[in-house]
Every structure is written in C-alpha cells, then in structure tokens.
Amino acid sequence: MFDLFYIPEIILSIGILLVIVIDLYIEKQKYFSYLLIQFLIILASFYALTEVPTHAYSSYEFSKFTSLIKFLLLVGALIIFHYTYRHLNYLNNLKIEYFTISVLGLIGTMIMISAYSLLMLYLGIELLSLALYALIGFNKASKLSSEAAIKYYILGAMSSGILLFGISLIYGFTGSIDYFEIAEQISSVNNNSVQFLGIIFGMIFITASLCFKFGAAPFHIWVPDIYQGSLVSTTILLSTLPKVAVFVVFLKLYFIPFITLAFIWSDILIFIGIASIVIGSIFALTQENMKRLLAYSAISNIGFIILAMGLVTDDGLNASLYYTIVYSFTALASFGIITHITSNSHGIEDISDLAGLSKTHPYFAILILITMLSSAGIPPLIGFHAKLMVIQALINNSYIILSVLVVLMTVISAYYYLRIIKTIYFENRENLISTYTRNNILLSINVILLLGLGVFPFIMFDITSYLASILVDISI
Amino acid sequence: MIPISYYLILSTIIFTLSIAGIFINRKNILVLLMSLELMFLSVNFNLITLGNYLGDLTGQVFVFFVLTVVAAESAIGLALLIVLFRNKKSIDVDDLSELKG
Amino acid sequence: MLYEYLPILIFLALALLFATVMLSAGFIFGGSNPDDEKNSPYECGFEPFEDSRMKFDVRFYLVAILFIIFDLEIAFLFPWAVVLDHIGLEGYLAMAIFIFILLIGFIYEWKKGALEWD
Numbered sequence: 001m002f003d004l005f006y007i008p009e010i011i012l013s014i015g016i017l018l019v020i021v022i023d024l025y026i027e028k029q030k031y032f033s034y035l036l037i038q039f040l041i042i043l044a045s046f047y048a049l050t051e052v053p054t055h056a057y058s059s060y061e062f063s064k065f066t067s068l069i070k071f072l073l074l075v076g077a078l079i080i081f082h083y084t085y086r087h088l089n090y091l092n093n094l095k096i097e098y099f100t101i102s103v104l105g106l107i108g109t110m111i112m113i114s115a116y117s118l119l120m121l122y123l124g125i126e127l128l129s130l131a132l133y134a135l136i137g138f139n140k141a142s143k144l145s146s147e148a149a150i151k152y153y154i155l156g157a158m159s160s161g162i163l164l165f166g167i168s169l170i171y172g173f174t175g176s177i178d179y180f181e182i183a184e185q186i187s188s189v190n191n192n193s194v195q196f197l198g199i200i201f202g203m204i205f206i207t208a209s210l211c212f213k214f215g216a217a218p219f220h221i222w223v224p225d226i227y228q229g230s231l232v233s234t235t236i237l238l239s240t241l242p243k244v245a246v247f248v249v250f251l252k253l254y255f256i257p258f259i260t261l262a263f264i265w266s267d268i269l270i271f272i273g274i275a276s277i278v279i280g281s282i283f284a285l286t287q288e289n290m291k292r293l294l295a296y297s298a299i300s301n302i303g304f305i306i307l308a309m310g311l312v313t314d315d316g317l318n319a320s321l322y323y324t325i326v327y328s329f330t331a332l333a334s335f336g337i338i339t340h341i342t343s344n345s346h347g348i349e350d351i352s353d354l355a356g357l358s359k360t361h362p363y364f365a366i367l368i369l370i371t372m373l374s375s376a377g378i379p380p381l382i383g384f385h386a387k388l389m390v391i392q393a394l395i396n397n398s399y400i401i402l403s404v405l406v407v408l409m410t411v412i413s414a415y416y417y418l419r420i421i422k423t424i425y426f427e428n429r430e431n432l433i434s435t436y437t438r439n440n441i442l443l444s445i446n447v448i449l450l451l452g453l454g455v456f457p458f459i460m461f462d463i464t465s466y467l468a469s470i471l472v473d474i475s476i
Numbered sequence: 477m478i479p480i481s482y483y484l485i486l487s488t489i490i491f492t493l494s495i496a497g498i499f500i501n502r503k504n505i506l507v508l509l510m511s512l513e514l515m516f517l518s519v520n521f522n523l524i525t526l527g528n529y530l531g532d533l534t535g536q537v538f539v540f541f542v543l544t545v546v547a548a549e550s551a552i553g554l555a556l557l558i559v560l561f562r563n564k565k566s567i568d569v570d571d572l573s574e575l576k577g
Numbered sequence: 578m579l580y581e582y583l584p585i586l587i588f589l590a591l592a593l594l595f596a597t598v599m600l601s602a603g604f605i606f607g608g609s610n611p612d613d614e615k616n617s618p619y620e621c622g623f624e625p626f627e628d629s630r631m632k633f634d635v636r637f638y639l640v641a642i643l644f645i646i647f648d649l650e651i652a653f654l655f656p657w658a659v660v661l662d663h664i665g666l667e668g669y670l671a672m673a674i675f676i677f678i679l680l681i682g683f684i685y686e687w688k689k690g691a692l693e694w695d
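Chains as they are written, first to last, in the numbering used here: chain A, 1 to 476; chain B, 477 to 577; chain C, 578 to 695.
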C-alpha cells in the first residue's frame, strides 16, 4: 500500500492542499507559493518516471505507458505555469488560486490516463472539467470571460450527463465497469441480441461525449467561443493538457473494452476526423480574431488525430500518437508566444494587432514564423512529419480519396497560417506592441525544438514508436 | 413485478426531456441548471435500476459518486451564474451572444 | 407488499377529491366579473414599483453554494457510520482523509471571509 505515496497524483494532491493553506497565511508573497507549486510539479514528474508501482490495482492502471504520458503532461504543465505567471502578473490578475485549480485539473488528467474502470474515468473527467469551468471564468471583470465560462459549463455538464448515460448503459448490459471485464463480456455477446444493441448505444453516447471534450467536429461549437473568451493562459491549458488526456482515454477505451466493436467505431471515428479537418480548415479562413483562428486550427488538428486512430492499424496508432505530441508541442509554442506579446495593455485579440511586429520585435516575429510554418506543415519542420505520417497511414490502408481530401485541406489551412506571417512581415500599423521581456529561454527552446526535431525526425519517431510498443503490450 | 424495461424507458424519457429542456429553453439560465440536474437524476435512476437488476452494488456506489460530483458541479455553476449576473445584470439565455465571429 | 400502502392511496384519493370539490364549488357558485383594476396586483394603493418576483440578495447564493458542498458529505458519512464495524481501521482512515480535505476547504472559505455576512 505504501508504494502509492510516491505516485505523482498523491504527491500533487497532498502538496496542493498544503499550498492552499500556506498561501492563506502569506498572501503577499505570491512568488513563493508559485515556486512551491513548480517544485511540486518537478517532484511529481521525477517520481512519475522513477517509481512505477508494481501492484495491480483494479480500476487503476500503472504502466510504463501511463508514466511516460504523465511525465509529458507534468513537463507541459511546468512550461504552461511558467508562461502563465508572467502573463497574469502583467495583467495584474495574479492569484495563486489560478495555479492551484490548474494543478487540480492536472490531477484530473492523470486520473483519466490511469483509469481502468468507467467510474475512475468519470471522476477524472469531472475533476478536469470542474477545474476548467473555474479557470475559464477566472477573469471575473470581463463579460466575455463569464459568458464563455457559463457556456462551457452548460455544454460540459450536458456532455458529462451523456457520458454517464452511456456508462450506465454499458454497465447495465455488460454487468461491469471494469475495462477488462467489459472487453470479455462484449467479445462473448451475440451480434444480433438486444444486449449487443444496448452496448452499441452506450458506446455511441460515450463517443459523443468524449468528442465534445476533445472538441471534434459535430460537437465543436464551443471551442472558438471558449478560446476567445478566456485568458490566453487558460487557452494554452485548454489546448494542450486535456487534449492529450482525452486522446489517451480514447485510445484505452477503444483498444481495450471496445476493441471487438472496431468494425463499428472505426467508421464513426473516420467520419468525425474528416468532418473536423474540413470544418476546422474552412471556417478558419474568415476569422479575424487570433484566438478563434487558433481554435479552428485546433479543431482540424484534432481531426487528424481522430482520423488516424479510426484506421485501427499499427501505423494509424503510431501516427495519432505522434500527431498528438507534436500538436500539443506546437500549441504550447504558438499560444506561449501570444502570452508574451500584448498590444494596448491587453492581450493580442485580432490578427491585425500583430502588424509590424517584425519591425519592433524581430525576435518574436521569427518565433511566430517558425511556429506557423510548422503548423502549416512546411517540410523541414516537425508539423510536416506529423501530417505526412497520417496521410501515409491513410494511403497504406487504401483510403486514397480521403488522403487527397486531407491534402487539399492542408493546402487550404496553409493559407491562413501564411496570412498571419504576411501580417507580421508586410503590414505596418502604428500601434503599441509590447513584450514583458526581450526573450524567454524556455519559449525559445520550445520553438527551436519544433525546428530541431523536424530536421532530425527520428528522435520523435523513436519516442512514439516506443510509446506505441508499450501500449500494445498492455492492450493484448 | 414491474419489468425492468419500464424503468429504463422512464429514465430515458426523463433524460430526453432534460436535453429538450436545455435546447428549447430560451429564457433563463437557472432553468438550464435545473435541466442539468434532471439529467443527472435520470442517470442515477438508470444506474440504481440496473444495479438492482444485476444484483450488484457497483451501480449504487456509482450513484454516490455521481451525486457528490454533481453537487460540486452545480455549486460551480451557481458561482459562474453570479459572476455572469454581476457583469451583465441579466441571466437571460438570449443575452449570451457576445462571443461570435 | 404493495397492499400495505393501500391506506395511503385511499388518503391521497380522498385529499384530492376533497380539494377538487372545494375549489370547484367556489369557482362554480361564486360570481366573477373581472376588470383591469381587479386583475392588477395590489400594492398599498400605489402603482406596483417593480417586478413582483423579488431579486434575492446575492449573499444567499453564496450560502447556498457553500451549503451544497458541505451538505453532501452527509451522503458519505451515513453509510460509513452504518458499516464502521466491518470496515475497520482502513475505512476509518479513509474517512479521516476525506474529512481532512473538507476541513481544508472550510479553513479556506473562513480565511477568505466567505462566512461573514457583511
């Protein structure tokens, strides 16, 4: 039992309770509390890699795969908090509660990743969602922020309800909430029975709800509104950590309990993927608001991930893992840059706010240039390899027409990424763009990695194929 | 003995009503919150029925967790509602229209 | 088994019947000729000042929010108390941890002044 004390979830939970109390008594020294939280995350990420409990716990899974993903999430959180602290400080809205709530959300993502029963899955998703409701509404003085929060709250709670309804159906028709037992039950069910129908219904409810949490196409309406309404620091959080966690949930749910239903969900996922790519690419064309544009770009990226997963093959799985990591890395960089640039004392809102950035801040202009080119999928950068892998997987499975469509959409999406670059380099505007610092080492490393890992892609290939190989270990 | 399908049909009807309540309601956000509660209650009903039918406690334990989480959720919902009211001086659904593009 | 509930059913039916008869009697036998003045709400002879649905003080909501959270711990405490004999030290510690976490929430809201009315 005592080996459980070293898992990152417990370390973070105990630590964060301490920080809440400590912060009450030293309200003035926010930097100290902030450092304490960062220290906690470093500690947790250290234990995430070194201590993998060997006990088997029903309903909670420890494996190399989950530890590695947790480590990645923790490192991501570290970077996000680093950006967030400066951003909130600049906006004079610095409250330690922002970080404590984020850490609670982080614990939620970790529970989602380790969940091995539907109850744990539900609790993880809810912990994450509750944290996100509060974070989106964090900017209390802003109308947009509170409107976004209430919108996300209502839709999010509804999707939780749908998830629960699906869970109750699965529980009722298989008699268990444990992934492994569900898998056994489903494989022994006759395809024409009422029981089978009930399971399919349950699975479709769960899929709809998870697609909502993912922000995939038919359930994507909230994404641009919420991205626009919340603080940029919340937007970074929204576009990285939950996506990775929901992706892992998708992977575990479909490849463990629902694997024998692959002939049904494969088509659903491919449809959702294509719809997301098309909607994300086309609707982004008309956006003037920077955050809305990046939101639509996120939708189309999610589409790539789901599409690759829907192929139900090894190379598809590999591609989707690769794409997820690359996407969250790119999102971290692109939103990270936006947290550093402000115009007219508030954050960057419209694309035109960026005009003339190359004259005043050539360093940040280059960072945006690299990130946008990577998102567009220009060859030497890492985004190119990610898109290539998905399209390769499509062609290998003889979805030729779909791959042509995907390439077409990539070309369309390149237009709006290039439009941002054009605004930065070829348009002038007399406006007050300012930054907190001349440069930021972590941000630079983040962006340079986009280039470096693109030039030497085999490093990332190795990591993801390793991840895929240990994933296969657990699922079979 | 009432057949189990009756229970399931009842809970599905309540669930559908609550979703309809969310989409059709165009007046007040508080009513939306009530619809959400109704939705979770229908799920709880479903879980208890099925758990009882299977002779298994998991369903009822699940309900405990759902109840607690939903309470936390509605607390956050009310808090967000207060923030919204302070900013907008209204809690009409039709006023949620500033985020568009 | 259902038979035991028969008195309640009869009682409910009687209550319903009685109420219906009384109300409908008033409605049928009493005369009614409404006009604008009679239909408008009466407020000490003035024109009504504002919407009759009163706005609540926002502090009531705050109390309600805090109440919801701390109310639900009872849902866990009751079953726990009933089976405390069987679950032993482990169950006791688990509940202690749970209460401790709630306690931290309580300290937080106290220090933040959420419990003060003014």
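Here a beta-carbon is modelled for each residue, glycine too, at the ideal position from N, C-alpha and C.
Look at A141/A here: in three-state DSSP terms it is coil, with no helix or strand label. Residue contact with chain B for Y638/C: present (Cβ-Cβ distance below 9 Å to some residue of chain B). Residue-level contact by beta carbon fails for I500/B and chain A, as no gap is shorter than 9 Å. Shown here, T410/A sits in a helix according to DSSP, grouped into three states. In this structure the stretch 278-298 of chain A lies against the stretch 222-231 of chain A, because at least three pairs of beta carbons, one per stretch, are closer than 8 Å.
A direct Cα-to-Cα measurement between V519/B and I490/B gives close to 9 Å. Its chain contains I382, I459 and M460 as the residues whose beta carbon lies nearer than 7 Å to that of L453/A, once the 5 sequence neighbours on both sides are disregarded; these appear in chain order. For Y685/C, the C-beta contacts it makes with chain A under 7 Å involve I20 and L24, in order along the chain. Put simply, the backbone Cα of Y482/B is about 14 Å away from that of G172/A. Against chain C, a Cβ distance below 8 Å from L106/A picks out nothing, because the smallest value is about 17 Å. Using beta-carbon distances, A548/B counts as an interface residue toward chain C, with a partner under 9 Å. CA-CA distance, V537/B to A208/A, rounds to 25 Å. Across the structure, G156/A and T492/B are spaced so that their CA atoms are roughly 17 Å apart. Separation of L210/A and T360/A (C-alpha to C-alpha, rounded to the nearest whole angstrom) is 43 Å. For N563/B, the neighbours in chain A by C-beta distance under 7 Å run, in chain order, K143 and S146. Residue environment: S300/A is assigned as buried (16 or more neighbouring CB atoms within 10 Å of its CB, all protein chains considered). Here D462/A is not bridged, per DSSP, to any residue.
It is roughly 17 Å from the alpha-carbon of I7/A to the alpha-carbon of I674/C. The CB of A652/C comes closer than 7 Å to the CB of F540, L543 and T544 in chain B, given here in chain order. For the pair L643/C and N610/C, the Cα-to-Cα distance works out to about 49 Å. Proximity of A641/C to chain B, defined by a Cβ-Cβ separation below 9 Å, is satisfied.
For V660/C, no CB of chain B lies under 9 Å from its own CB, so it is not counted at the interface with that chain.
The criterion of a C-beta distance shorter than 9 Å is satisfied by D267/A and G310/A.
Just so you know, the alpha carbons of V447/A and I351/A end up roughly 20 Å apart. Chain-ordered, the chain B residues with CB closer than 7 Å to the CB of I645/C read A547, S550 and A551. For the 9 Å CB-CB criterion, I162/A and F214/A do not form a contact. Non-local beta-carbon contacts of I505/B in its own chain, meaning distances under 7 Å to residues more than five positions away in sequence, involve L557, I567 and V569 in chain order. Between L94/A and K30/A, the C-beta gap is smaller than 9 Å, which places the two residues in contact. Contact between L484/B and A652/C does not hold, since their C-beta atoms are separated by about 25 Å, which reaches or exceeds 8 Å. Judged by DSSP in its simplified three-state form, A673/C adopts helix. Residue environment analysis places I26/A among the exposed positions, since fewer than 16 neighbouring C-beta atoms fall within 10 angstroms of its C-beta. DSSP places Y116/A outside both helix and strand once states are collapsed to three, so it counts as coil. Using a Cβ-Cβ cut-off of 9 Å, I524/B does not count as an interface residue toward chain C, since no Cβ of chain C sits closer than that to its own.
Cβ-Cβ distances below 6 Å link I167/A to L118 in the same chain, with the five nearest sequence neighbours on each side left out; the list follows chain order. In this structure, the straight-line span from the alpha carbon of L241/A to that of I587/C is close to 59 Å. When the beta-carbon positions are compared, S33/A and D23/A come within less than 9 Å of each other.
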